[in-house]
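Data block below; observations after.
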Amino acid sequence: MKSEHVSRRDFLRVSTAAGVGVVVGGVALSGCQGSTLTAAPVAFSHKPLERVKVGFVGVGGQGSSHVKNLLNIEGVEVCAICDIVEDRVSRMQDRVEKAGQPRPTGYSRGEWDFKRMCAEEDLDIVFNATPWRWHVPICLAAMQNGKHAASEVPIAYTVEDCWQLVETSEKTRRYCTMLENCCYDRVAMMILTMAQQGALGTLLHAECGYLHDLRLHKFNLHGNEGTWRTEHSRKRNGNLYPTHGIGPVAWWLDIYRGDTFDYLVSMSSKSVSLNEFAAEKFGPDDPRVKEKFALGDINSSLIRTAQGRTIIVKHDTNTPRPYSRINLLQGAKGIVREWPKPLIHIEGRSKPHTWQDIDEYKEEYTHPFWRDLSQEARKGGHGGMDYIVSDRLIQALRQGVAPDISVYDAVAWSVIGPLSEQSVARKSRPVDFPDFTRGAWKTHNPISIV
Ligand SMILES: NC(=O)c1ccc[n+]([C@@H]2O[C@H](COP(=O)([O-])OP(=O)(O)OC[C@H]3O[C@@H](n4cnc5c(N)ncnc54)[C@H](O)[C@@H]3O)[C@@H](O)[C@H]2O)c1
């Protein structure tokens, strides 16, 4: 693994250095004359956009919620909608018209029709909330046609695809961001403020994950996700949905902003819960009772960072349990965690050996962003996080600054999926992370969201 990444890094270093003139030319040709390279090869910015023209691919459960939020954000024009289900396209077209905008063009001529949309439409950015296998092809089609790309999570689930996204974003000078809404969770942002202000002392360890009973979804008894998500449980064994957990943690620990993931080890339990659930729901003779699922019910992955911090990332979408992303941060002077209940202990402030309710620190550490958030925005899906993730992105494009979540963040968080699969398949042996920034993580500034 390591030598493959090193040689690819070297190749990229040479090709990027040699290609800057070509890249700048390419940007001008594709119609974004305002682009400026600030710190090649990893940072670039674009001319501020007064209005942001959006194309949207995949308007199922999450996508339709995104479109509704986008219609509430000033300066957004939803110009095109694409989905393989024609009915969903027309419902969203109606919705956009109802919001007072011109009817967007509809695209529903099959699974690859997003390519036609990316080629034909005059758009600034293409969002997608499609099943996982489509995230990379849609982002690539967007960038190759001169549009920025924003994808639902995880943005990719192979190492090769992660590199393709990085290379294409660098070559086309188009942003490729991920809609990781959980970074903007109220408590997670409170923890970010604490981490940045040193309230917990030197940061040592974090725990996070995606613990969500999706058994009904996986057997198509709730929503549409069973039509595509279950396939991943059949074929893959690892930490399949890492970004909701790791996104906020990566911000707290300055990952790619002074620290980086070094290596991981990963272990999965056996898989029994989906079969037992099938027996209970469909009876003992149903074929689903004996169906083979590769995905172990509970995956635990352990990451060590270059600066010597440790992170546990858990994944469990098969067992009966209340929802949790854990969100725990331990420093040399204190500990805070969000689930099952937000609690904190700070040495010298909390009674020894005692937890306090985190809201006792609300005045001090509520992120300014959440202080000012309107009631309307709070209704925008998943407690307001879905609205915030789109609003932040649109504001960045309108101000001509880079989105909060870079292509490097998106792939570093997503690559935990395939790396964990490799480790699980090899008796939990350590697997090195690729350095998608080619060393630039050492000098990037910490995340700043004010
Ligand atoms: N951030 C979050 O909190 C959150 C929550 C739910 C889902 N998601 C993510 O959103 C994505 C979609 O999940 P969902 O629950 O909305 O699934 P869904 O099945 O409800 O919606 C997917 C939509 O994509 C369409 N689609 C499939 N292939 C397509 C193609 N090739 N071209 C165009 N349209 C296509 C489907 O017809 C469907 O309408 C997934 O990546 C999922 O992980 C994120």
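In terms of my numbering, the sequence shown is residues -15 to 434.
We put the CB at the ideal spot given by N, CA and C, even for glycine.
It should be emphasised that the depicted structure is a prediction, and the values quoted were computed from it without experimental measurement.
Problem - CA-to-CA distance, V373 to Q379, given in whole angstroms - result: The residue you call residue 379 lines up with position 395 of the sequence shown. The residue you call residue 373 lines up with position 389 of the sequence shown. So the two alpha carbons sit approximately 10 Å from each other.
Problem - For C44, the nearest candidate out of R220, L237, I65 (CA to CA) - result: In the sequence shown, residue 44 corresponds to position 60, counting from 1. One point to set straight first is that residue 44 is Gly, not Cys, in the sequence displayed. Considering only alpha carbons, the answer is I65.
Problem - Rounded C-alpha distance that separates Q291 from K426 - result: As a working mapping, residue 291 is identified with position 307 in the sequence shown. As a working mapping, residue 426 is identified with position 442 in the sequence shown. Near 11 Å, if we compare the C-alpha coordinates of K426 and Q291.
Practice task
Grab the span of the alpha helix (DSSP H) containing S49 for me, first residue to last.
Solution key: Translated into the one-based positions of the sequence shown, residue 49 becomes position 65. S49 -> alpha helix (DSSP H) spans 45 to 55.
Problem - N429, DSSP secondary structure in three states - result: Against the sequence shown, residue 429 aligns to sequence position 445. Looking at N429 - three-state DSSP - the assignment turns out to be coil, as it is neither helix nor strand.
Problem - As assigned by DSSP and simplified to three states, the class of A133 - result: As a first step, residue 133 is located in the sequence shown; it is residue number 149 there, counting from the start. In the structure shown, A133 sits in a strand (DSSP, three-state: E or B).
Handout entry: Neighbour-count burial assignment, A316, 16 or more Cβ in a 10 Å radius
Key = Position 332 of the sequence shown holds residue 316. Counting Cβ neighbours within 10 Å, A316 comes out exposed, since fewer than 16 surround it.
Handout entry: W323 versus G267 - alpha carbon distance
Key = The count along the sequence shown starts at 1 and reaches residue 323 at position 339. The count along the sequence shown starts at 1 and reaches residue 267 at position 283. Spanning the two alpha carbons is a distance of roughly 34 Å.
Exercise for the section: For V46, count neighbouring Cβ atoms within 10 angstroms of its own Cβ and tell me buried if that reaches 16, exposed if not. Expected result: Translated into positions along the sequence shown, residue 46 becomes position 62. One point to set straight first is that residue 46 is Gln, not Val, in the sequence displayed. Buried, because 16 or more other Cβ atoms sit within 10 Å of the Cβ of Q46.
Problem - Cα-Cα separation between I431 and K276, rounded to whole angstroms - result: For the purposes of this step, residue 431 is identified with residue 447 of the sequence shown, where counting begins at 1. For the purposes of this step, residue 276 is identified with residue 292 of the sequence shown, where counting begins at 1. Using only the alpha carbons, I get a separation of about 43 Å.
Exercise for the section: Run the proximity test for I68: is its beta-carbon closer than 7 Å to any non-hydrogen atom belonging to ligand 1? Expected result: By 1-based counting over the sequence shown, the position of residue 68 is 84. The answer is yes for I68.
Exercise for the section: List in chain order: all unbroken alpha helix (DSSP H) runs of 4+ residues lying wholly within the stretch 63 to 131. Expected result: 70 to 82, 97 to 104, 119 to 128
Exercise for the section: Starting from K317, follow the beta strand (DSSP E) in both directions and report where the run begins and ends. Expected result: Here residue 317 corresponds to residue number 333 of the sequence shown, with the count starting at 1. Taken as a continuous stretch (DSSP letters only), K317 belongs to no beta strand (DSSP E), as it is neither H nor E.
Handout entry: Residues that S252 bridges to, as DSSP identifies them
Key = Here residue 252 refers to the residue found at position 268 of the sequence shown. Note: S252 sits in a beta bridge opposite N283.
Handout entry: Closest by C-alpha distance to H351, when choosing among V395, M178, E264, A386
Key = Your numbering for residue 351 matches position 367 in the sequence shown. Among V395, M178, E264, A386, the Cα nearest to that of H351 is on M178.
Practice task
Thinking P88 and V62 are a contact (beta carbons under 8 Å), I'd like their distance in whole angstroms, please.
Solution key: Stepping through the sequence shown from its first residue, residue 88 is reached at position 104. Stepping through the sequence shown from its first residue, residue 62 is reached at position 78. Right, the Cβ-Cβ distance comes to about 5 Å (below 8 Å), so this counts as a contact.
Practice task
Report the rounded CA-to-CA distance for L258 versus A424, giving the unit in angstroms.
Solution key: Counted from its first residue, the sequence shown places residue 258 at position 274. Counted from its first residue, the sequence shown places residue 424 at position 440. Roughly 43 Å between the two C-alpha positions.
Handout entry: Range covered by the beta strand (DSSP E) that runs through H216
Key = In the sequence shown, residue 216 corresponds to position 232, counting from 1. Here H216 belongs to no beta strand (DSSP E); instead the alpha helix (DSSP H) covers 213 to 219.
Practice task
Using beta-carbon positions only, say whether P138 and P232 come within less than 8 Å of one another.
Solution key: For this step, residue 138 is matched to residue 154 along the sequence shown. For this step, residue 232 is matched to residue 248 along the sequence shown. No, Cβ-Cβ distance for P138 and P232 is not below 8 Å.
Problem - Residue interval of the alpha helix (DSSP H) (run including T177) - result: Indexing the sequence shown from 1 puts residue 177 at position 193. First-last of the alpha helix (DSSP H) with T177: 170 to 181.
Practice task
Tell me whether the beta-carbon of R272 lies closer than 8 Å to the beta-carbon of D197.
Solution key: Position 288 of the sequence shown, counted from the first residue, corresponds to residue 272. Position 213 of the sequence shown, counted from the first residue, corresponds to residue 197. Cβ distance not < 8 Å, so R272 and D197 don't count as in contact.
Problem - Cα-Cα separation between V41 and R35, rounded to whole angstroms - result: Taking the sequence shown and counting its residues from 1, the one referred to as residue 41 is at position 57. Taking the sequence shown and counting its residues from 1, the one referred to as residue 35 is at position 51. Each residue's Cα considered, the two are about 19 Å apart.
Exercise for the section: Measure the beta-carbon distance from G229 to C192 and round it to whole angstroms, keeping in mind my assumption that it falls under 8 Å. Expected result: Walking along the sequence shown from the start, residue 229 turns up at place 245. Walking along the sequence shown from the start, residue 192 turns up at place 208. That belief holds up - the Cβ atoms of G229 and C192 are roughly 3 Å apart, short of 8 Å.
Practice task
Report the three-state DSSP secondary structure of S308 (helix, strand or coil).
Solution key: Residue numbering aside, residue 308 sits at position 324 when the sequence shown is read from its first letter. Of the three classes helix, strand and coil, the one that applies to S308 here is strand, per DSSP.
Practice task
Can you check DSSP and say which residues form a bridge with I38?
Solution key: For the purposes of this step, residue 38 is taken as the residue at position 54 of the sequence shown. Here residue 38 is Val; the residue named in the question, Ile, does not match the sequence. DSSP, once it has assigned bridges, lists V62, I109 as partnering V38.
Exercise for the section: Check whether the Cβ of P115 sits closer than 7 Å to any heavy atom of ligand 1, and report yes or no. Expected result: Working through the sequence shown from its first residue, we reach residue 115 at position 131. Yes; taking the cut-off as 7 Å, the Cβ of P115 has a heavy atom of ligand 1 nearer than that.
Handout entry: Pairwise C-alpha distance: R100 and G9
Key = Here residue 9 corresponds to residue number 25 of the sequence shown, with the count starting at 1. Here residue 100 corresponds to residue number 116 of the sequence shown, with the count starting at 1. Unreliable positioning characterises G9 in this predicted model, as indicated by a pLDDT of 21, which lies under 50. The coordinate reading is nonetheless provided below. Taking the straight line joining both Cα atoms gives about 24 Å.
Exercise for the section: Determine, using beta carbons only, whether T289 and F353 come nearer to each other than 8 Å. Expected result: Stepping through the sequence shown from its first residue, residue 289 is reached at position 305. Stepping through the sequence shown from its first residue, residue 353 is reached at position 369. No, they are not a contact pair.
Problem - Cβ-heavy atom distance, W354 to ligand 1, below 7 Å - result: As a working note, residue 354 is residue 370 in the sequence shown. W354: no, Cβ never under 7 Å from ligand 1.
Problem - Proximity of F420 and A386 at Cβ, strictly below 8 Å - result: Within the sequence shown, numbered from 1, the residue matching residue 420 stands at position 436. Within the sequence shown, numbered from 1, the residue matching residue 386 stands at position 402. No, the Cβ-Cβ distance between F420 and A386 is not below 8 Å.
Practice task
Could you tell me if S135 is buried or exposed, where buried requires 16 or more neighbouring beta carbons within 10 angstroms of its beta carbon?
Solution key: Within the sequence shown, numbered from 1, the residue matching residue 135 stands at position 151. Buried: at least 16 other Cβ atoms inside 10 Å.
Handout entry: Environment of P402 [buried if 16+ CB atoms lie within 10 Å]
Key = Locating residue 402 in the sequence shown gives position 418, where the first residue counts as 1. Burial call: buried.
Problem - Rounded C-alpha distance that separates L21 from E154 - result: Residue mapping note: residue 21 aligns to position 37 of the sequence shown, counting from 1. Residue mapping note: residue 154 aligns to position 170 of the sequence shown, counting from 1. Residue placement at L21 is poorly supported in this model, since its pLDDT is 28, which falls under 50; the coordinates are not used for a value here.
Practice task
Go ahead and label W96 buried or exposed: buried means 16 or more other beta carbons lie within 10 angstroms of its beta carbon, across all protein chains shown.
Solution key: The count along the sequence shown starts at 1 and reaches residue 96 at position 112. Exposed is the call here.
Practice task
Specify, as a first and last residue, the run of the beta strand (DSSP E) that T152 falls within.
Solution key: Looking up residue 152 in the sequence shown gives position 168. T152 -> not in any beta strand (DSSP E); alpha helix (DSSP H) instead, spanning 143 to 156.
Problem - With 16 other Cβ atoms within 10 Å as the buried cut-off, status of V6 - result: As a position in the sequence shown, residue 6 is number 22, starting the count at 1. Residue placement at V6 cannot be trusted, given a pLDDT of 23 that sits under 50; what the coordinates show is reported in the next sentence. Classification for V6: exposed.
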